[in-house]
Amino acid sequence: MLKLVLSLALLGVLVLMVVRRRHLTILMGVASLIGSVLALIWLQDLGLLPGTQGPLTHARPQTLQDIRR
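If you want my numbering, it's the 1-based position in the sequence shown plus 22.
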């Protein structure tokens, strides 16, 4: 739900940038902020951020040699 709201907000800001062509620096800042939050949510869902369960997690899977110890 949050991704949908942020995506719609980003789309609204981009449309506003094209239509109004005023206050572009503020709108570009808002668009980059919303885009970076969306990117962080996407990376967290993929498990690519530290502290999440994914391919880059610090814990490695158990092997037979680990069980014998």
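By construction, the Cβ of each residue, glycine as well, lies at the ideal position given by its N, Cα and C atoms.
In this structure, the alpha-carbon of residue 25 lies about 20 Å from that of residue 72.
Sequence-distant partners of residue 57 (beyond 5 residues in either direction) whose C-beta falls short of 7 Å from its own C-beta, in its chain, are 32. Going by DSSP, residue 50 is part of the alpha helix (DSSP H) stretching over 46-68. For residue 24, the secondary structure class from DSSP, reduced to helix, strand or coil, is helix. In this structure, the beta-carbon distance from residue 35 to residue 49 falls below 7 Å.
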